[in-house]
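Reading through the structure tokens given below for one structure.
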Amino acid sequence: MGSTMDKAKGMGNEAVGNVKQGVGKMTGSERLQAEGKVQEIKGEAQQAKGEIKEQVKKAGNL
């Protein structure tokens, strides 16, 4: 998977995670809040992976 795809998937996961957390707070569901936090962190990690891939690719083109 390319760096752009990793970043896009990461942003999607982060957004869905934030929504889950919000719904969990509104409904009082600690489980949904926790799932949202996990998904948000997963998204952040995917974005970081995409950034690293991009930097490695740039370094290889020097």
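In terms of UniProt numbering, the sequence shown is residues 1 to 62. All C-beta atoms in this analysis are idealised placements derived from N, C-alpha and C, irrespective of residue type, glycine included.
I'd like the list of long-range same chain contacts for residue i, defined as Cβ closer than 8 Å, with 5 residues on each side in sequence excluded.
i: A34; result: G24
Buried or exposed, going by whether 16 or more other CB atoms sit within 10 Å of the CB of residue i?
i: N61; result: exposed
i: G12; result: exposed
i: E30; result: exposed
I need the straight-line Cα distance from residue i to residue j, nearest angstrom please.
i: V56; j: S3; result: 10 Å
i: T27; j: Q21; result: 10 Å
i: N18; j: G36; result: 6 Å
i: residue 66; j: E44; result: Because the chain here runs from 1 to 62, residue 66 falls outside it and cannot be looked at.
i: Q39; j: L32; result: 10 Å
If you reduce the DSSP assignment to three classes, tell me which class residue i lands in.
i: G2; result: coil
i: G43; result: helix
i: G24; result: helix
With a threshold of 7 Å on Cβ separation, who are the neighbours of residue i within its own chain once the five nearest residues in sequence on each side are excluded?
i: residue 75; result: This structure leaves residue 75 out entirely; the chain is present only between 1 and 62.
Using a Cβ-Cβ cut-off of 6 Å (strictly less than) and excluding sequence neighbours within five positions of residue i, which residues of its own chain qualify?
i: K49; result: D6
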